[in-house]
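Following: one structure in structure tokens, then a few remarks.
Number of protein chains: 2
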Amino acid sequence: MGDLLVVGSVALDSVETPFGKVHDVLGGSATYFSYAASFFTQVRLVATVGEDFPEAHLRLLQDRGVDLDGLTTSRGRTFRWAGQYSYDLNEAKTLDTQLNVFADFRPSLGDGLRRAPFVFLANIDPELQLDVLRQMEARPRLVALDTMNFWIQGKQEALRRVLAESDVVTINDAEARQLASEPNLVRAARAIAAIGPRTVVVKRGEYGALMMTDGAFFFVPAYPLESVYDPTGAGDTFAGGFMGYLAAQERTDAAAMRRALVYGSVMASFTVEDFSLKRLTRLGPADIADRYAAFHDLIRLEQ
Amino acid sequence: MGDLLVVGSVALDSVETPFGKVHDVLGGSATYFSYAASFFTQVRLVATVGEDFPEAHLRLLQDRGVDLDGLTTSRGRTFRWAGQYSYDLNEAKTLDTQLNVFADFRPSLGDGLRRAPFVFLANIDPELQLDVLRQMEARPRLVALDTMNFWIQGKQEALRRVLAESDVVTINDAEARQLASEPNLVRAARAIAAIGPRTVVVKRGEYGALMMTDGAFFFVPAYPLESVYDPTGAGDTFAGGFMGYLAAQERTDAAAMRRALVYGSVMASFTVEDFSLKRLTRLGPADIADRYAAFHDLIRLEQ
């Protein structure tokens, strides 16, 4: 079982969907990622929170065995995000972003973190992502990163540099088209792989995920759910299941990548069933195994 | 190999997409369906055209072995449809519809057609779909039908009656939600199955197709193509591949349905690669087998 390092945000979210409303609940890319990955492997989280961050949230992660040595408390308030979803749950409308302590976040890896074989660089400034890689003692076995339109637009050069040093990128379809300047997704995926990553995972929300590894495509649909309450964190729990599985197996071959894509989809499918990490906190290993089997049945051609 | 009867439209289409423009080319639901299904089984087409319908188009279908005994020529002009697609190829904007001879189309099945074991009722007035079923000598082994928002809105009672007598319905996602008055697709599919059909196929265009058979779901993505020129006819060739395969195998069990869904997706993936039936006319059995294998690889979890 390989250690899995994640660098990203821990936040307090306020979210409104057609099905309800929550205020200052636990959120953040590294939070969702860590919680999901903790079902598979040893996770080490690097992030920063403010002095107002509730102890109970830390205990939630500790209870899952997540190593919080790299989580610092900075003077000031925790990063806050407020967003709204309409019935088209595929796209969030950001109502408010308060970076607070996250504005000065400079990840610093302690000794125990610099040798992690599996690394996930959640959606932060690509210059910080690069800086994290510079701090690693040796080239990790697998480096994955997430990014967004904001960095594609504003810091594309740095983003391309960190992509050149990564093995996996997770990106949504609109962002893939934007980064590659190419409307066709297949050609966009190939163009992104040409920058560096061997594996490109295109997230399509309710339409599933398309992965290109070594030039071959694999597709997993989103799980057909009867109730979707809040898509916040789906992409990060997806990445958590994906990387958590690979780290646990200590494998990076194409067959393992396919199973990892399903485990990512499994974790995302739970996340959207309730607000914040609520559904995940009610999860046991049997639930994950059952939904993995259900996914397999959903895409199995020969029985 | 079971005979496959299709009742629907044969038309002349004018289509504009960002990639080109064609005028009065061969189109129509029964045309696309027949051509696609002809690669699998004996197809018998029931439709009507006007006196202006080009001989060459008939020969195209005859050359594929499609039985045209049920294709009548009526006084007047052939049904014409004009549509436009923007870069979002998922939705057509209808510019013009001239029903012409299709307005008075009353399908009449000759002796040879009333015993077909496999029947596809393409997207026409549900009262005509019902009338076709009334003319069958015995209950066919498998009845599938396609429909659209126009009939869901204007003739829902007749539509529900023909659905109650059908085994398979193909419908796009917006129409499934409309027919079931239910925004959630899983619950919509269950509601539609409750009307009668054992199998509900929800077509999602570039996002693939979701099938529910006996309550179990199966998903096939659209094939990741580098070039999509014109989505016209994709849904009908999808149905043609689906029904053609089942008729050829003389099977209607769930495992065969899954393979049929992939063959449907295979045929649709070719259709969108060029205007009208152009790509289909360049198709050989090896192309179909190759793309079926490519689809299998695209969704195969265990290798």
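Residue numbers (this note's numbering), protein chains in the order written: chain A, 9 to 311; chain B, 9 to 311. Built from N, CA and C at the ideal position, the CB exists for glycine as well. Predicted, not measured: the structure shown is a model, and the values here were computed from it.
Run through the stretch 49-116 of chain A for me and flag every whole alpha helix (DSSP H) of 4 or more residues, listed as ranges in chain order. Counting only runs of 4 or more, we get 63-71.
State yes or no: is the beta carbon of A/Glu190 nearer than 7 Å to at least one beta carbon in chain D? The chain labelled as chain D is not found among the protein chains of the depicted structure, namely A and B.
Quick check: the stretch 70-81 of chain B against the stretch 96-104 of chain B, are at least 3 beta-carbon pairs closer than 8 Å? Look at the beta carbons and you see the stretch 96-104 of chain B not touching the stretch 70-81 of chain B: under three pairs across the two are nearer than 8 Å.
Proximal residues to A/Pro239 (C-beta, below 6 Å), its chain only, five neighbours per side dropped: Cβ within range, chain order: Leu97, Val280.
On a CA-only basis, which of B/Ala256, B/Val209, B/Gly84 is nearest B/Val177? Give me that one, please. Of the candidates B/Ala256, B/Val209, B/Gly84, B/Val209 places its Cα closest to the Cα of B/Val177.
Taking the C-alpha atoms as reference points, what is the distance between B/Gly249 and B/Tyr300? About 11 Å.
Spell out a yes or no on whether the stretch 189-203 of chain A and the stretch 282-299 of chain B are touching, meaning 3 or more CB-CB pairs, one atom from each, closer than 8 Å. No contact exists between the stretch 189-203 of chain A and the stretch 282-299 of chain B.
Of all Cβ atoms in chain A, is any one closer than 7 Å to the Cβ of B/Ile200? For B/Ile200, the answer is no, since every Cβ of chain A falls outside 7 Å of its Cβ.
Quick one: complete alpha helix (DSSP H) runs, 4+ long, within the stretch 159-214 of chain A? Listed in chain order, the alpha helix (DSSP H) runs fully inside the stretch 159-214 of chain A are 164-172, 181-188, 193-203, counting runs of at least 4 residues.
Out of curiosity, what's the CA-to-CA distance linking B/Ala276 and B/Phe48? Looking at the two C-alpha atoms, the distance is approximately 14 Å.
By the DSSP assignment, the alpha helix (DSSP H) with B/Leu288 in it spans what residues? Membership of B/Leu288 in the alpha helix (DSSP H) is indicated by the continuous run 286-289.
Please classify B/Ala130: does DSSP put it in a helix, a strand, or coil? In the displayed model, B/Ala130 falls within coil according to three-state DSSP, outside both helix and strand.
Using 8 Å as the Cβ pair cut-off and three pairs as the minimum, do the stretch 301-311 of chain B and the stretch 47-65 of chain B touch? When C-beta atoms of the stretch 301-311 of chain B are compared with those of the stretch 47-65 of chain B, fewer than three pairs fall below 8 Å, so the two segments do not count as touching.
With distance defined between alpha-carbon atoms, name the residue in A/Gly241, A/Glu135, A/Leu269, A/Ala242 nearest to A/Met251. Closest by alpha carbon: A/Leu269.
For B/Val274 and B/Phe246, what's the separation of their Cα atoms in angstroms? In this structure, the CA atom of B/Val274 is about 8 Å from the CA atom of B/Phe246.
Would you call A/Gln70 buried or exposed, if buried means 16 or more other Cβ atoms sit within 10 Å of its Cβ? Exposed.
Does any CB atom of chain A fall closer than 7 Å to the CB of B/Glu183? Answer no: the Cβ-Cβ gap between B/Glu183 and chain A never drops below 7 Å.
Could you compute how far the alpha carbon of B/Asp175 sits from the alpha carbon of B/Arg259? CA-CA distance, B/Asp175 to B/Arg259, rounds to 13 Å.
Per-residue contacts from A/His304 into chain B (C-beta, under 7 Å): Within 7 Å Cβ-Cβ: Leu309.
Three-state secondary structure (DSSP) of B/Thr153: It is worth fixing the name first, because residue 153 of chain B is Leu in this sequence and not Thr. The three-state secondary structure of B/Leu153, taken from DSSP, is strand.
Just verifying my parser: in three-state terms, what is the DSSP assignment at A/Thr39? Three-state DSSP puts A/Thr39 in a helix.
Out of curiosity, what's the CA-to-CA distance linking B/Asn131 and B/Gln164? Cα to Cα, B/Asn131 sits roughly 14 Å from B/Gln164.
Does DSSP put B/Val18 in a helix, in a strand, or in coil? In this structure, B/Val18 counts as coil in the three-state DSSP scheme.
N- and C-terminal bounds of the beta strand (DSSP E) containing B/Ala217: Where B/Ala217 is concerned, the enclosing beta strand (DSSP E) starts and stops at 217-221.
With H, G and I counted as helix, E and B as strand and the rest as coil, what does DSSP make of A/Glu258? Coil.
For A/Ala224, the residue or residues it bridges with in DSSP: Within the DSSP bridge table, the entry for A/Ala224 names A/Thr221 as partners.
Please identify, using Cβ separations under 9 Å, the residues of the stretch 234-248 of chain A that lie next to chain B, in order along the chain. Taking 9 Å as the cut-off between beta carbons, the residues of the stretch 234-248 of chain A near chain B are Glu234, Ser235, Val236, in sequence order.
If contact is defined by three or more beta carbon pairs under 8 Å, each pair taking one atom from either stretch, is the stretch 215-226 of chain A in contact with the stretch 182-200 of chain A? Segments in contact, yes.
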